[in-house]
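Residue 45 in full-length UniProt numbering sits at position 45 of the sequence shown, and the numbers go up by one each step.
Each residue gets a CB set at the ideal place from its N, CA and C atoms; glycine is no exception.
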Amino acid sequence: HIVKPLRVKIAMYKHRALLECQVSRVNAAVKWYRRNHEIVPNRKYQTISEGVYRQLVIDDVGSSDEDTF
1 HIVKPLRVKI AMYKHRALLE CQVSRVNAAV KWYRRNHEIV PNRKYQTISE
51 GVYRQLVIDD VGSSDEDTF
């Protein structure tokens with residue numbers, strides 16, 4: 001159950017973007033999606049779980065990263 005959903009974020013070109021949501025339980029599993037495809041962590045995307053917070057880090061942001069996640 002998501003307690004605090006994502007908000008609209010603006011990231012600077014060639015920098016790092018951070019998307020974050022808050023869930024109701026520390027052990028809640030979260031999957032991140034872009035264009036209905038699950039994001040798999042790699043050099044571009046990292047997923048972080050800290051307590052009830054879940055983050056998606058996008059490195060080296062470019063115009064192709066403009067989307068709904």
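Judged by DSSP in its simplified three-state form, S49 adopts strand. Within the UniProt domain "Immunoglobulin I-set" (2-68), complete alpha helix (DSSP H) segments of at least 4 residues are not found at all. Note that the C-beta distance between I2 and Q22 is below 9 Å.
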